[in-house]
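Counting in the UniProt record's numbering, the sequence shown runs from 1 upward without gaps.
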Amino acid sequence: MTLPELTSVPGGTIELSDARRGTSRDVALFAFEIGRVPVTQAQYAAVLGRADPPAAGAAAPAHGVRWVDAVAWCNAASSRAGLRPAYDVRGGTVR
Numbered sequence: 001m002t003l004p005e006l007t008s009v010p011g012g013t014i015e016l017s018d019a020r021r022g023t024s025r026d027v028a029l030f031a032f033e034i035g036r037v038p039v040t041q042a043q044y045a046a047v048l049g050r051a052d053p054p055a056a057g058a059a060a061p062a063h064g065v066r067w068v069d070a071v072a073w074c075n076a077a078s079s080r081a082g083l084r085p086a087y088d089v090r091g092g093t094v095r
């Protein structure tokens, strides 16, 4: 299985606004990488060691994925690539 191609997003500072409260604040963001295209059903199944999806849907984007399952996929994909998992999961809390 080929892992998704990633693109780098530089860190920086952005202004977040809350229209309901009429407030805004600056937030510092760390640089990160993100997939250029959505993870496919086949990639999702392969990384988590699950049965392959039906052939008709293998190339379709993975969908209906819970947040905790997406975190598990990201950590497993990172491990496969020889990288440190991005998320720390302890007792149902994701950091």
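All residues carry an ideal CB built from backbone N, CA and C; glycine is no exception.
Taking the CB atoms as reference points, tell me whether residue i and residue j lie closer together than 9 Å.
{"i": "Q41", "j": "A59", "result": "yes"}
{"i": "R80", "j": "D88", "result": "no"}
{"i": "T7", "j": "G35", "result": "yes"}
What three-state label does DSSP hand residue i in the structure shown?
{"i": "G91", "result": "coil"}
{"i": "G22", "result": "coil"}
{"i": "A58", "result": "coil"}
{"i": "A28", "result": "strand"}
{"i": "V9", "result": "strand"}
If you draw a straight line from the C-alpha of residue i to the C-alpha of residue j, how long is it?
{"i": "A77", "j": "T13", "result": "28 Å"}
{"i": "T9", "j": "Q43", "result": "Before going on, a small fix: residue 9 reads as Val here, not Thr. So the two alpha carbons sit approximately 22 Å from each other."}
{"i": "R84", "j": "E15", "result": "30 Å"}
{"i": "A45", "j": "R90", "result": "23 Å"}
{"i": "V47", "j": "A86", "result": "15 Å"}
(message) Between the segment 23–36 and the segment 56–72, can you find at least three pairs of beta-carbon atoms closer than 8 Å?
(response) no
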